[in-house]
Each structure stands twice: as structure tokens, then as C-alpha cells.
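Same order as they appear, the protein sequences are chains V and P. If you count the first sequence from 1, position 19 lands on 19 in the UniProt record's numbering, and the numbers rise without skipping. If you count the second sequence from 1, position 60 lands on 60 in the UniProt record's numbering, and the numbers rise without skipping. In what follows, a single structure is set out as C-alpha cells and then discussed.
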Amino acid sequence: MSPLLEVRNLSVAYGAIEAVRDVSFSVEEGQVVSLIGANGAGKTTTLRTISGLLRPTRGDILFRGEPIHRKAAHEILASGIAHSPEGRRLFGRMTVEENLQLGAYVRDDAAGIEADMRRVYELFPVLGERRHNKAGLFSGGEQQMLAIGRAMMSKPKLLMLDEPSMGLSPIMTQRIFDTIKELQSQGTTILLVEQNALAALALSDRGYVIDLGSTTLEGPGTDLLADQRVRAAYLGEG
Amino acid sequence: MTKTFLSPPIARILGIAGAVLAIVAAMLPWTTFVLNKGAWPDKATLQFFDAPFALTGFRWELFLVGIVALVCSVVKVPAQRRVLRGLGFGVAAIGLVNFLFITAEGGGLGAVTAADGASAFGSVAALVAGGLLILGTFGQPLEEIPRWKTNLPTPVEYLGLLVSFAVLLYVVSLTLTAGGQGGAANPYSGPMFLSFLGFGGGLMAAAAGLGILRWISKLSEKHRAFSIIVLLLCAFLLPFTNAGTEYWMTVAANIGVYAATAIGLNIVVGLAGLLDLGYVAFLGIGAFVAANLSGAAASSLGIHLPFYLVVIISAAIAGIFGAVVGSPTLRVRGDYLAIVTLAFGEIFQIAARNNIGGLTGGSNSIPNIPPLQWFDGTAYNESITLFGTPLPSGVLYYFLIVVLIAAVMAVFANLKNSRMGRAWIAIREDEDAARAMGIKTGKAKILAFLCGAVLAGIAGAVFAHKTSTVGYESFLFMESVTLLAAVILGGMGSIPGAVLGASLLFVLPEKLRAFSDYRLLIFGLALILIMRFRPQGLIPDRHRRAELAGEDAEGHTLAETPGDEPEQPRPQEVPAR
Ligand SMILES: Nc1ncnc2c1ncn2[C@@H]1O[C@H](COP(=O)(O)OP(=O)(O)OP(=O)(O)O)[C@@H](O)[C@H]1O
Ligand SMILES: [Mg+2]
């Protein structure tokens, strides 16, 4: 069976600057897969390319066996890939509910949207309590919950989270990682980009290290955690 | 916030003194001699000062504010200091306007103080009174604005709304006619109008301080349909008030055309957040199309179509141009888009000036466009009799434009609450994030331009018949800027805001004619003051209401919102579709 998402020899450039060079990885259905790497390694660029916001210069992206890297962002979203972008990018002047509605913009099944909104409120009760408040007034952790909730509203097969723990306290970070586990158990496949390599790899079925725009190491999350080079480079050891 | 540098009892005494002084000022003479252009209105000149207690005009207004202030500073009213501060600003404004104008006209301070053994300290007293009233509110911090109950029995709420809108109708009629029609016979219409604004503004500020304005707006949100019907009714009743003269009907109809156009612009700027500096071109396109299809002798086509067809064709052609101008929005953003639209406005204006295709009449304009006709053949510029009341000529155009505005408002409200409207607002907030939500941002932006242009095109068709002459001078850059200012001043994305903004921007210049040379200066100053003290606009849209004030509706400080990062180079971006 082909993997849910397969990225093959992907290269992406901003003008003359090649930000991603020859990156390959795959995500099996039901897995949590992490991409880790130093600042500027090209992780965000990779996710933006998968969701159709950037075009690759070379390589293929296959989703359920079909190439998607020529498709428009809204088509990719509708086909089942949601993206919670780096820095959350909420609509700060809109309410929680309006943000969630926009997350479901590509859908038109009112009843299903309603049900998924309830699901988000169950997962994050604080959002439900303050659903009519402006998103911009929420704390960083709450905003991250909303960003994840908003991405879930398109009912994705694959949920891509770009640094969901950015700027959060250890407790809040733990909360987010618990949520990721829970989403996985509910059947969502997750592609996670994290600075927090230790925690990310610990919960991942598979991890990839991106360095200077290329994939250099891969393996099951726990194996990578044990790898000396990973520990040296990203976990500040030895 | 508010400082409290006075002890409460002293502040209270100052306030009472201010109120009393305002009443006294109303009874004092205001000028020591008859000015060159004629006596100061309302018997305020010393020579004519035979009846200190027979108050009229601005002196009556000042007297009223003074009485209200006195009552409010003695009796315990809710939000007392807010009310008094509002009234104080009103009193000071009346004093200042008259003080400045009399000084300028009379050639020095002698005119407003003492000269040749005579003294006329009215304006000075009013200024001081206003200052005292304001000072008197510095004893304690300002109160919270009271919240009134909005769950009364429905008939009571309806009654409240009816009364409020009746007052609104009265205020609109008063504001339009305040100061009278300017001209040689009435050289002081400008300052009298400004005095009235000071009076009205003071009372408004007091009402806002009491929480009445918020109460009304809550109620009207609750009973939308009812409010809309009553407002429409009020608009239809305006010609039956004092404002029902040919002159004011023409002014009101002009404002109406621009208000309808401003609502269209509000789609582009207010909802989708796209800066359009050449928008008046679409009004022009609509007007020229209508002029050419009106059967006017000067139009080279010589076709005469029924008006409803003309409206549809004007709208369609303006819409096509809207889509064409909108298409660069796929590639350019922000400042660059503004330049593209600016260029389009200039191209249109120059093309029209050069009589392109013989369609615009060039500098001769297209004159003698026949007026519209009612079903029974009554021309729209004839005077009519309705319910036994003779109404001035031009009133039919006024009615038509009220209907036009109502229709445009309905379109706007529906668009705003539609899926497309949500997409526009998302694009305005954060275009990249909107794209990540699956919004086809390119299509949405072109559609915003198209919708805005269609509305302007319709307004243009009405404009052509109403003014009967269409020439390029009506569609210059300045008009685009004024429309944009109307939208921003009223509150971006807000419908009543656009109407109020357009009214202010097109009434003020009309009313300030008396100031001739200083007109634009005063106008600009007023705009700066409004934007300084009310950056979110006069009637802000819910989404924007708090943002610029840095607070949300509950008064919490607004956190930094993401998505305001500066633009980065993005050469490999997928072009939006
Ligand atoms: N819009 C842009 N234009 C030009 N260069 C860019 C742009 N965005 C990113 N880059 C460059 O591309 C490279 C990869 O950036 P990217 O944001 O993908 O890194 P990242 O792995 O997500 O880093 P971080 O961990 O800091 O988020 C960097 O060198 C960055 O400077
Ligand atoms: Mg990144």
C-alpha cells in the first residue's frame, strides 16, 4: 500500500535562494511523523509547498498516490490536507467561532461542520466557553488550541502542524502534545514540525532530520532519539 | 487616563459656575459693532441688543445647553461627569466658533471684547463657561458608561426606537437647514452652522455619556427589520420637514448618490481591504453610459432606452471595468495596488476629457440629459403634491435615491454575511492565512472590485439624469479621495458609517462656503480631529470597533494579533487563482 503522503526529492527556491534541496520522506496513514532540524533548515517551506502555497522547483508530492504539487491550495485542502501555519496566523479580530467557520470554508455540509465544531469545543473546553470572544485576546496557548482546532475544521486526513509548541510554557506544550496523541487515536494522521525535538520524537512513529535543506537522517522516533548525532546536534548533548 | 487634579467639591463648584456662566453668556451681547457684512445673527450685536431674554438661534442653543448643564450638575444624574464634559465641549465650541469668526470679520479683538466704551463679552464668556464645565469634571475619574436594559417588553422597545428615529429625522432636518442657505443675503451661514454642530455635538456627547446612544444601537440591532422600516419612513418624511425646499432636496440627493457610491467602495476597501484610489471612475462610467443611452441631443449614439435597461447596462459595463481593474490584484498588493487603481482613475479622467470615442463630450460635457419620468409622465424635476402637501421640485429624485440607497444597503448586507463576505473579511485580515483556509483569494478580490463597480455604475446612471449634465470634472481624483475618506471616517465595513461619512463630507463643504478661503483648511482640520479621537470611524463595524482603540468590547486591551508581519519577497509564490 502506498503511504498517505509521499515527498520525493523535493526542492523549493525563493528566487535564487534554494531553501529546500532534495527532501524525501513519507507519512503512513495513522502515524505521527516529525520533521526536525535547525532554524532555517526549510521545514516551514516544505509544509507550505505541500499545502500548495509555494511551488516546488523539482520533485514530487503524492497524496494517496496522486501528485498534488501542481494543484491549487484550495484543491489540496479539499482533498484532505490541513495546515496549521507557523506563528498560528489566526484571524485575530474575529471570534473563535468565526475562525473555526473559516477553517471549514471548503466544506458545505452544515450539519457536519456543526458536529466538528462541537468536537473542537470538547477537545478544548476553553474555546467553547469563550466562543464569541476575539481570537486576538487569547493567550498564546489558547491561540494554539484554536489554530489546531481551525485546521481540524476542514476534516483533514492529514493534519500538518508547524511548531505548535512555539512560545508555550512546558505545561501548555505537554497539553498540545497530549492533544496530538489524542487526535492520532481518533484516526488523524499528523505531520509535525517541531523545535522541541525531544518531545516531538518521543511521540512520533517516525522522524526525519532536515539539515541545510536536505533530509539527512530518518528512522522511527525512538531510534532517532537514541542517535548520537541527533542528540549532539538538536538536543544539545555531547 | 483621566487625571483628578481637583478636589471634588471645588470641581463641582467650577462646574456649576460654568453652567451659570453659559446661561449668562447667552444673554450677553456678542459683538460691539455691526460688522461690514451685516449685523451678527440673533440680535447679538450691541446696537441691536434690545432683548436679552428673547433668545433665538445660537444664543437659544447656548441657553439650552446651559440649562441642561445646570440641571445635570445640581441633580444627581448617571455618568454625571461624562455628560457635563460633553456639554462643556459643546459650549466651548459655540463660543470658539463665534469668537474666531467675529474677531476675523471685525478686524480684531475689539469686536468680541470692548471697543469705544462698549463691551460685548458673549463669546468670551461662553468659552470660559465651556472651560469651567470641562474643568469641573476633573474632580473624580470619569464614570463607566451606564448600560440600560435591553430586555423590555417589545412594544416599549418599539416605542423607544420610534422616538429615537423621530428625533433623528428632526436632527437631520435641523442640521441640513442650520445656518440657512449661504449667499450674499446670509453671509454668516457658515459660523451659524458650525455653532449648531457644536450644540448638537455637545448634546450627542452627553447622550453618549448617558449610554443612550449605545442603548439605541443595541435595540436597533435587536429589531433590525423594524428599525429599517422606520428609518426608511423617516427618509421619506424628510421632504415634509423644514428641509423640504428645492435647495435642500438637491443637496440631499447629491449626498445620496455619493452615499450609495461610498457603500460600493466599502465592499472593496472595507470588506476586502483593497485600497482603491480611482473608484470614482466607476461612477463616471455608469454616468456616461446612461448619458449616451438617454437620447440627449449631445450624445453621439442617439439611442434612448428605458431607464431600467439603462441601469442594467451601466451596471454591467462598470462591472466589466471593475473586473479588469481588479485583475492586477492577483499580482500586486498593498501600496502597489493603490497605484494601479490610481492610474486607472487618471486614465479614465483623461480619456473622458479628450472625448474618447465621442462618448464623453470632452470639455463640453454631455448636457441636457432629459429627466426621468414617472409612469404618468411627471418629470422627476417637477414639483409634486403628496398627501395634500406641495413638495418642491427634485423631491422625486430624492425619493428615487432613498430607494437606491436602501437597495444598495440590502445588497451590501447580504454580501457581507455571505460566504463570499466572510472570505473578503478573511483576506482583509490576513491574505496568506485566508489562502491556507482554501479561499480562492484571486477570484474573491476580483469579485470585490466587480461588485463595488456595479453599485457605483448604478449610482452613476441615476446621477446622470439627476444632474442632467455629465462631464469629466465630476470624476476627478479628489472625488475618489473624498469617497475613500467617507468610508474611513464613517467606519470601514460599516453601512450606516458610509452613509454618515458621505453625508458629512459632502454637507460640510456645502455648509462651509462662507469660509471660502479657509474652507478646505477647516475641513481638513475637522477630519484630523475626528480621526484622532475616533480612529475606528464614527459608526464602526463590529469587527473593527475596538481594534484601533486598543480595546475590545469588554474593555480588555487587545493583544497583538498575528499576521501583520512586513511583506517578504515571494517570487516563487503560487499565483492566487
Ligand atoms: N519568503 C522568503 N523569501 C526568501 N527566503 C525565505 C523566505 N522564507 C524563508 N526563506 C529562507 O528559506 C530558508 C528556510 O526557511 P524556513 O522558514 O523553511 O525554515 P524553518 O526550517 O521553518 O526554520 P525555523 O525553524 O526557524 O522555523 C531560510 O534560509 C529562510 O531565510
Ligand atoms: Mg519554520
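Don't be surprised by glycine CBs; every beta carbon is placed ideally from N, CA and C.
Would you decide whether V:R229 is buried or exposed? Buried here means 16 or more other CB atoms lie within 10 Å of its CB.
Burial call: exposed.
Beta carbons nearer than 9 Å to chain P: which residues of the segment 156–172 of chain V have them?
Listed by position along the chain: nothing, the set is empty.
Can you give the Cα-Cα distance for P:S227 and V:H83, rounded to whole angstroms?
Using only the alpha carbons, I get a separation of about 43 Å.
Applying the 10 Å Cβ sphere with the 16-neighbour rule, what's the burial state of P:A444?
So P:A444 counts as buried.
Opposing strand residues paired with residue 578 of chain P [DSSP bridges]:
In the structure as shown, chain P begins at 1 and stops at 577. Residue 578 of chain P is therefore absent and cannot be evaluated.
Beta carbon of V:E194: closer than 6 Å to some heavy atom of ligand 2?
Between ligand 2 and V:E194, a heavy atom-to-CB distance of less than 6 Å is absent.
Nearest CA to the CA of P:A379: which residue from P:S393, P:K222, P:F387 and P:L233?
The residue from P:S393, P:K222, P:F387 and P:L233 with its alpha-carbon nearest to that of P:A379 is P:S393.
Got a sec: is the Cβ-Cβ distance from P:M437 to anything in chain V below 7 Å?
With its beta carbon less than 7 Å from one in chain V, P:M437 belongs to the interface.
Distance cutoff 7 Å, beta carbons only. Does V:L5 sit that close to anything in chain P?
Using a CB distance cut-off of 7 Å, V:L5 does not count as an interface residue toward chain P.
Whole angstroms is fine: what's the gap from P:A553's alpha carbon to P:L538's?
For P:A553, the predicted structure reports a pLDDT of 39, less than 50, and the residue's modelled location is therefore unreliable. A value from the coordinates is still provided. Spanning the two alpha carbons is a distance of roughly 16 Å.
Around the C-beta of P:K149, are 16 or more other C-beta atoms found within 10 angstroms, so that it is buried, or is it exposed?
With fewer than 16 other beta carbons inside 10 angstroms of its own, P:K149 counts as exposed.
Quick one: is V:Q70 near chain P, going by C-beta distance under 7 Å?
Note that residue 70 of chain V is Arg in the sequence shown here, rather than Gln. Closer than 7 Å: no.
For the segment 441–461 of chain P against the segment 84–104 of chain V, are there 3 or more C-beta pairs whose distance is under 8 Å?
Contact fails: fewer than three Cβ-Cβ distances are below 8 Å.
Using a Cβ-Cβ distance cut-off of 7 Å, determine whether P:E429 contacts chain V.
Chain V contact via Cβ: present.
Taking the beta carbon of P:Q349 as the centre, do at least 16 other beta carbons fall within 10 Å, making it buried, or is it exposed?
Per the 10 Å Cβ criterion, buried.
Taking only the alpha-carbon atoms, compute the straight-line gap between V:A196 and P:I446 and give it to the nearest angstrom.
Going by the sequence as given, residue 196 of chain V is Asn instead of Ala. So the two alpha carbons sit approximately 42 Å from each other.
List the whole-angstrom C-beta distance separating V:A78 from V:G42, where the pair is believed to meet the contact cut-off of C-beta under 8 Å.
Going by Cβ atoms, the distance from V:A78 to V:G42 rounds to 26 Å, so no, they are not a contact pair.
Give me the residue from P:T175, P:G256, P:E221 and P:L133 with the minimum Cα distance to P:A206.
Nearest to P:A206 by alpha-carbon distance, out of P:T175, P:G256, P:E221 and P:L133, is P:L133.
To the nearest whole angstrom, what separates the beta carbons of P:F99 and P:S123, a pair I think is in contact under 8 Å?
Rounded to the nearest angstrom, the Cβ distance from P:F99 to P:S123 is 4 Å, consistent with a contact under 8 Å.
Excluding the five sequence neighbours on either side, which residues of its own chain have a C-beta within less than 6 Å of the C-beta of P:A252, listed in chain order?
Taking P:A252 as the centre and dropping the five residues before and after it, the same chain places the C-beta of Y398 closer than 6 Å to its C-beta, in chain order.
Exposure label - V:P67; buried when at least 16 CB within 10 Å:
It counts as exposed.
Report the start-end ranges of each alpha helix (DSSP H) in the segment 466–551 of chain P that is 4 residues or longer and not cut off at the edges.
Counting only runs that start and end inside the segment 466–551 of chain P, the alpha helix (DSSP H) elements of at least 4 residues fall at 477–490, 495–511 and 519–533.
Given this structure, state the Cα-to-Cα distance separating P:V408 from P:A461, to the nearest angstrom.
Spanning the two alpha carbons is a distance of roughly 14 Å.
Within 7 Å (strictly less), CB to CB, does P:A413 reach chain V?
No, no contact with chain V.
Using a Cβ-Cβ cut-off of 7 Å, state whether P:K218 counts as contacting chain V.
With 7 Å as the cut-off, P:K218 does not count as an interface residue toward chain V.
Are the CB atoms of P:A19 and P:L210 within a distance shorter than 7 Å?
The answer is no: Cβ separation not under 7 Å.
Whole-angstrom distance between P:P535 and P:L548, CA atom to CA atom:
Its pLDDT being 42, under 50, P:L548 is placed unreliably in this model, and the coordinates cannot settle the point.
Contact criterion: CB-CB distance below 7 Å. Does P:T329 meet it with respect to chain V?
Contacts with chain V at 7 Å (Cβ-Cβ) do not include P:T329.
Against chain P, with Cβ distances strictly below 7 Å, would V:P125 count as a contact?
Under the Cβ distance rule, V:P125 does not count among the residues neighbouring chain P, no pair being separated by less than 7 Å.
Apply the 10 Å Cβ neighbour rule to P:Y43 and answer buried if 16 or more other Cβ atoms are within range, or exposed otherwise.
The sequence as given places Lys at residue 43 of chain P; Tyr does not occur at that position. Residue environment analysis places P:K43 among the buried positions, since at least 16 neighbouring C-beta atoms fall within 10 angstroms of its C-beta.
Are the C-beta atoms of V:R8 and some chain P residue less than 7 Å apart?
Closer than 7 Å: no.
Looking at ligand 1, does it come within less than 6 Å of V:T179, judged from the CB to the closest heavy atom?
False, no ligand heavy atom lies under 6 Å from that Cβ.
Count the other CB atoms, across all protein chains shown, that sit within 10 Å of the CB of V:D109; report buried if there are 16 or more and exposed otherwise.
That one is exposed.
Kindly examine ligand 2 and report whether one of its heavy atoms sits closer than 6 Å to the Cβ of V:K43.
Indeed, a heavy atom of ligand 2 lies less than 6 Å from the Cβ.
Report yes or no: do the segment 254–269 of chain P and the segment 496–504 of chain P share at least 3 C-beta pairs separated by less than 8 Å?
Counting Cβ pairs under 8 Å, three or more are found: they touch.
Let me know if V:I61 comes out buried or exposed under the rule of 16 or more other beta-carbons within 10 Å of its beta-carbon.
Around the C-beta of V:I61, 16 or more other C-beta atoms lie within 10 Å, and the residue is accordingly described as buried.
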